[in-house]
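Reading through the structure tokens given below for one structure.
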Amino acid sequence: MEYVHTTPTPIPKQTPYIYYTILTKKQTTSTDIEPGPNSTTKCGIHHWATHGIATRALLLDYRHYAKTHNISYDPYTRHPITMSSLHACAKTQGLDLRPASQGGDVRVGDILLIRSGFVERYNELSPAERQAGATRAHEDLTWAGVNQEEEILDWLHDCYFAGVAGDSPTFEAWPPEKEGGFIHQNILALWGMPLGEMWDLEGVARRCRELGRWTFFLTSAPANVVGGVGSHANATAIL
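This is the structure:
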């Protein structure tokens, strides 16, 4: 259950829609994804596949923090993880979420990982319960994840993360409270930042707790698919 998303993801309520690298909806047609000299490949995971992703990762185990601080929630329901909650979680892990330039622990180029508990909960369910959760109507889908708030967007931007990922199917709390209030559109379409969903962070979270350290070397090898918008992450944590 490992995925990486890339652009194109359009910014709504813009005319025309804007994609990362300043590609607009007017510049794309249904034939752009077909092979040929006129196809548009300005955006796509093949650009990452040529060199892969290798950097330091920083893990915030929010699920463990919540359990040890009497914060009860089901990852299969909408539970917004706020910026203040991330700071509180980080403090229990001995981390300062300010950028290193301000005396914090976040370095330029880090990948942020957030464990919200989806994989843990999935592993606890029976096959029938898993099926029921997966076949809910789109309007009934709810997931725990990062809250859609300006403070979080400002923090993600100002820390210059190389990517973000989590165990949730959506990374952000779902559904958004406001129409069109997705943070996907900022992360993907505006910043061109990789976004991972449904990452199995159970093993690395346990190891981090054992070692008392929450940063490690991370590699990811996205599939070499020209114009692709998603891929298995093929991620490895090295501690």
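Going by my numbering, the first residue of the sequence shown is number 287, and it counts up by one from there. Glycine included, C-beta positions come from ideal geometry on N, C-alpha and C.
- Comparing C-alpha distances from F502 to each of A340, T378 and F468 shows the shortest one belongs to A340.
- In the DSSP annotation of this structure, F468 is not part of any alpha helix (DSSP H), being labelled neither H nor E.
- DSSP places P508 outside both helix and strand once states are collapsed to three, so it counts as coil.
- DSSP, read as helix, strand or coil, puts F404 in helix.
- Here L344 carries a strand assignment [DSSP, helix/strand/coil].
- Non-local beta-carbon contacts of S506 in its own chain, meaning distances under 7 Å to residues more than five positions away in sequence, involve V290, G338, I339, A519, N520 and A521 in chain order.
- Take the alpha-carbon of L398 and the one of L344: they are about 5 Å apart.
- Non-local beta-carbon contacts of I438 in its own chain, meaning distances under 8 Å to residues more than five positions away in sequence, involve T368, M369, L372, V432 and I469 in chain order.
- Runs of beta strand (DSSP E) with 3 or more residues, each lying fully within the stretch 427-497, are found at 430-432, 449-452 and 481-483, listed in chain order.
- For A420, the enclosing alpha helix (DSSP H) begins and ends at P413 to A420.
- With respect to W500, C494 sits close: the two C-beta atoms are nearer than 8 Å.
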